[in-house]
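Just so you know, the sequences run in chain order A and B. Residue numbers for the first sequence follow the working numbering, beginning at 1 and rising by one. Residue numbers for the second sequence follow the working numbering, beginning at 701 and rising by one.
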Amino acid sequence: CTFYAFSKILGSLLTIMETPTLLLILTLVLIYILAFAVRLFSVLRFESVIHEFDPYFNYRTTKFLVDNGIYEFYNWFDPMVWYPLGRIVGGTIYPGLMLTSAATYWTLHSLSFTLELRNVCVFLAAWFASNTAVVTYFFGKEVRDRKTGLVAAALIAIVPGYISRSVAGSYDNEGVAIFALILTFYYFVKAVNTGSMFWCFWAVLAYYYMVNAWGGYIFIINLLPVYVLTLLVMGRYTHRLYVAYCTFYVLGTLLCMQVHFVGFQAVQSGEHMAAAAVFFILQAHNAVLFVRDHLEPSSFKRFLRIGLVGMLLLAGVAVMLGILTGYISPWTGRFWTLLDPTYAKLHIPIIASVSEHQPTCWSSFFFDLHCLVFLFPVGMFFCFQKLTDAAVFAVIYGMTSVYFAGVMVRLMLVLAPAMCVMAAIALSTLLTTFFKDLKRRPKGAKAPVEATPLRFYTSAAVVAGLVFLLWFYVIHCTWVTAEAYSSPSIVLNAHGSDGHTILFDDYREAYYWIRKNTPADAKIMSWWDYGYQITAMGNRTVLVDNNTWNNTHIATVGKAMASDEETAYRIMRQLDVDYVLVIFGGLIGYSSDDINKFLWMVRIGGTLDPSIREVDYYSQRNEYRIDNEASKTMLNSMMYKLCYYRYGDVQLEHGKPPGFDRVRGAEIGKKDVRLERVEEAYTTEHWMIRIYKVKPEDNR
Amino acid sequence: PSSHPPLPVFPFGKMRLAFVSSVVRLPNLRLKIPKVERPPAWAVFCVLLFSYMLVTGGIVFDMINEPPSVGTRMEDGKQRPETVMPYRINGQYIIEGLAAGFLFCLGAVGLIALHSVATGQLVLTSQTSEKATVVIMIAAIGVTVVAYNVVMMFLRIKLPGYLQH
Chain A
1 CTFYAFSKIL GSLLTIMETP TLLLILTLVL IYILAFAVRL FSVLRFESVI HEFDPYFNYR
61 TTKFLVDNGI YEFYNWFDPM VWYPLGRIVG GTIYPGLMLT SAATYWTLHS LSFTLELRNV
121 CVFLAAWFAS NTAVVTYFFG KEVRDRKTGL VAAALIAIVP GYISRSVAGS YDNEGVAIFA
181 LILTFYYFVK AVNTGSMFWC FWAVLAYYYM VNAWGGYIFI INLLPVYVLT LLVMGRYTHR
241 LYVAYCTFYV LGTLLCMQVH FVGFQAVQSG EHMAAAAVFF ILQAHNAVLF VRDHLEPSSF
301 KRFLRIGLVG MLLLAGVAVM LGILTGYISP WTGRFWTLLD PTYAKLHIPI IASVSEHQPT
361 CWSSFFFDLH CLVFLFPVGM FFCFQKLTDA AVFAVIYGMT SVYFAGVMVR LMLVLAPAMC
421 VMAAIALSTL LTTFFKDLKR RPKGAKAPVE ATPLRFYTSA AVVAGLVFLL WFYVIHCTWV
481 TAEAYSSPSI VLNAHGSDGH TILFDDYREA YYWIRKNTPA DAKIMSWWDY GYQITAMGNR
541 TVLVDNNTWN NTHIATVGKA MASDEETAYR IMRQLDVDYV LVIFGGLIGY SSDDINKFLW
601 MVRIGGTLDP SIREVDYYSQ RNEYRIDNEA SKTMLNSMMY KLCYYRYGDV QLEHGKPPGF
661 DRVRGAEIGK KDVRLERVEE AYTTEHWMIR IYKVKPEDNR
Chain B
701 PSSHPPLPVF PFGKMRLAFV SSVVRLPNLR LKIPKVERPP AWAVFCVLLF SYMLVTGGIV
761 FDMINEPPSV GTRMEDGKQR PETVMPYRIN GQYIIEGLAA GFLFCLGAVG LIALHSVATG
821 QLVLTSQTSE KATVVIMIAA IGVTVVAYNV VMMFLRIKLP GYLQH
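The structure is reproduced here in structure tokens:
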């Protein structure tokens, strides 16, 4: 009975939409399965484990939500992080991802599929990537036609730029955010194309989902005003645009404010001001058009002059008042870096130190997008040829995301769908044009003659060339996914001399040791990279974690790591630290260890205490060294001592001296490291994590 | 004698003007608000293509990290110039980046030319236009193939283990 009803509903839905062909449905189903399957490499190679650092925090919050319910989640104050400050988690996260996982978990459990929460979290990103591919089909269909949509869906299913942040196991905001982004853009373009408020409501709902999911919603709320302004300037203003944008701005801002983290920022912060300004400009434009219909040309000119000057004055006064009273806050550092890339390097070392915030090289572009970088300008050219409102949107989205991806590697993710859509426009147009010459006896009055043999073979060569290009694209994407983007980062692997795989599970070993062997109220000091993992897996309080919201606290930890033992001990006693944790990769050659990050600790610590200068940690020849040429300050620093304690006795292989650091490729400078204020608690199997217990004060 | 030049912007100017000009002699500015014409589509496309070339060539990376324009490596005790920074995806030299950006645009232009000729939008005034069409098509295919292969060559220098397990 339910099946009959379902098929009836489906049938009526299909007759409302354009009737899709069987081929189309089959292709979309295959694309759906492909997008999911290609993201499963790390699950098949290792296990169903959550990767990286940020996803562990997301997992912990999802667990809290599932265990305690939504109201507890929204009011959660977490005392286990940022000791002694704590963190108001309810008001400082984007809850979209956690709510999605919890909803999926509860739905599955109500259907008796008792999937463990960890598995739901691991596979959520891959499932949403499949959904993104389908939504990209609709977006491409709206921008151009069905063929473009299908090619776009196929391209985005395997594009490495998107896979890198949505692989199974990567449980991060972007996994659901890109789905929400494309959905918002699809509905908005549909609203502009049809002028109906109905589609605009769906766009607003999708936008609300996006605001819940990711801080990148700022991109949408700034892109749409730019789009509206461009259409105004191009002379393509229509009532459809007016209806679409005004509905979107009003309802979107209202819904945006319902997210705790955003709150009144939606009307106060500088990042949202562009949308408000364009909203007022649209009203003004409409008013001017209305008046023009009712006045003679000469009096209209006078009205226009007075009106323009008056409005500019009013706007200027309002903006000045807003900025002077502090009501309108300026652009925050994170987003200001996008407009002025040199800002973070000079002013905010914490933002500059994150590796995914670095600007992009050409090789990252090509590596993440392969042949799409060639096809993007071609698609833009075809958009210019057949210019519609939707095509203008695609061009603006494409060019702005190219610029932002150039400034920050992480934003390659936002560029990937734009590239896929543009490349799809290019591919489908090219293939359509050149396939015409391959048909015999083409129908229609436009092409009554078959192509000449020369023309036929050239067109066949072009089509074959494009097919080869797509074939190389598939090979490249699969290779990149398998080799570069499927490592869980928490388990490392290397190949032994005879080809067998060695696994380094040191991280989990250390966190499990902490969980089992330290008192429940122990406080762990480590660099902020590992905070989320320590709280999630070790279940202990940490001083600083990846949220990096308090620069002074991080600088204090940096100062402790960079100072000599006595100063560091005083800081650690002040902060009630019980254990210190460092990452050391010298034994196995793991280059993302704390000694390589140490200069950032010095720089950030130096923002708190000017006596910590980076030059003191360089050798005589102004190089960063850890061997016998290292500076005194470096050899006496806490980080050096903690990493190389007892390492001078370790002989790796016969050719090398004892205490040879594989990452820096040098023998360490000071081999007899003595620790007076801390004692070694645990060192993992491959010496990757080293945990030290802080000794209590001496008896006086 | 004081003049009352018609200022085209301020409608209340006449009253203020009378007051000011009774005190000082105003200059005779013959200013006009310039009329900004909409640029043609091909000009906008060229500007966008040029900026695309710069951004994908990693110009922001060059501005922040200031790598050398060409690197050097030691070979047999002599210093040799090195165009492509090897072994890392997240580093480049300036010339290498701009060359790659240029190659991306070259490939795109090849495909655009191919399509324009095939659909008859790029019409040549030649006697045997069919042959000329095919010649341009083959040339455009050649340009695209060369651009793609040179970029792959660059990538293979950067990643020696490319497409190997």
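Quick reminder that beta carbons are idealized off the backbone N, C-alpha and C, glycines included.
Outcome for residue i when other beta-carbon atoms lying within 10 angstroms are tallied against a minimum of 16
i, result
"A:K670", "buried"
"A:I306", "exposed"
"A:F53", "buried"
"A:S459", "buried"
"A:E623", "exposed"
"B:E796", "buried"
"A:L701", "Any property of residue 701 of chain A remains undetermined from this structure, which presents chain A solely from 1 to 700."
"A:S526", "buried"
"A:T481", "buried"
"A:F407", "Rather than Phe, the amino acid found at residue 407 of chain A in this sequence is Val. The residue is buried, with at least 16 neighbouring Cβ atoms inside 10 Å."
"A:N222", "buried"
"A:Y227", "buried"
"A:H654", "exposed"
"A:D293", "exposed"
"A:L314", "exposed"
Contacts that residue i makes with chain A (C-beta to C-beta distance below 7 Å)
i, result
"B:V834", "L454, R455, T458"
"B:V851", "F366"
Same chain, Cβ closer than 6 Å to residue i, five either side skipped, listed in chain order
i, result
"B:F710", "At B:F710 the pLDDT is 47, less than 50, meaning the model places this residue with poor confidence and gives no usable figure here."
"A:Y187", "W199, W202, A203, A206"
"A:H260", "G91"
"A:G322", "I328"
"A:T104", "V120"
Same chain, Cβ closer than 8 Å to residue i, neighbours up to 5 away in sequence not counted
i, result
"A:I591", "The residue asked about is misnamed: residue 591 of chain A is Ser in this sequence, not Ile. For A:S591, where only same-chain residues beyond five positions count, the Cβ hits under 8 Å are G585, V663."
"B:P701", "Note that B:P701 scores a pLDDT of 44, beneath 50, so its modelled location is shaky; the value from the coordinates is reported in the next line. So the list is empty, once near-sequence residues are dropped."
Chain-ordered neighbours of residue i on chain A, where CB pairs are closer than 8 Å
i, result
"B:K858", "S363"
"B:Y848", "C371, F374, L469"
"B:E830", "T452, L454, R455"
"B:T756", "W362, F365, V373, V402, G406"
"B:L731", "Simply none; closest approach about 15 Å."
Pair within 8 Å by beta-carbon distance, residue i and residue j
i, j, result
"A:N546", "A:G531", "yes"
"A:D609", "A:S631", "no"
"B:F745", "A:M601", "no"
"A:Y692", "A:E679", "yes"
"A:V159", "A:L369", "yes"
"A:Q533", "A:Y56", "yes"
"A:A390", "A:N68", "no"
"A:V409", "A:T342", "no"
"A:G140", "A:V421", "yes"
"A:V49", "A:P330", "no"
"B:C805", "B:Y752", "yes"
"B:G819", "A:T184", "The question names Gly, but residue 819 of chain B in the sequence shown is Thr. Not closer than 8 Å, so no."
"A:V392", "A:L231", "yes"
"A:Y647", "A:I668", "yes"
"A:F248", "A:L224", "yes"
"B:L754", "B:G801", "yes"
"A:V189", "A:V143", "yes"
"A:A426", "A:V373", "no"
Chain-ordered chain B contacts of residue i [CB-CB under 9 Å]
i, result
"A:G465", "I841, T844, V845"
"A:V66", "In chain order: nothing, as chain B lies at least about 38 Å away."
"A:Q258", "Result: empty, since nearest Cβ-Cβ is about 36 Å, beyond 9 Å."
Strand pairing of residue i, partner residues [DSSP]
i, result
"A:K523", "A:T541"
"B:Q779", "B:M774"
"A:A494", "A:I502"
"A:D661", "A:A666"
Contacting residues, own chain, Cβ-Cβ under 7 Å from residue i (five flanking each side not counted)
i, result
"A:T633", "D616, Y617"
"A:A213", "Y94, G96, L97, N173, V176, A177, A180"
"A:A168", "R39, L40, S42, V43, V122, F123, A125, A126"
"A:F660", "L652, E667"
Chain-ordered chain B contacts of residue i [CB-CB under 8 Å]
i, result
"A:T433", "H815, A818, T819"
Residues that residue i contacts on chain B, provided the C-beta gap is smaller than 7 Å
i, result
"A:F384", "A741, F745"
"A:W336", "The premise fails here: A:W336 is roughly 14 Å from chain B at the closest Cβ pair, so nothing lies under 7 Å."
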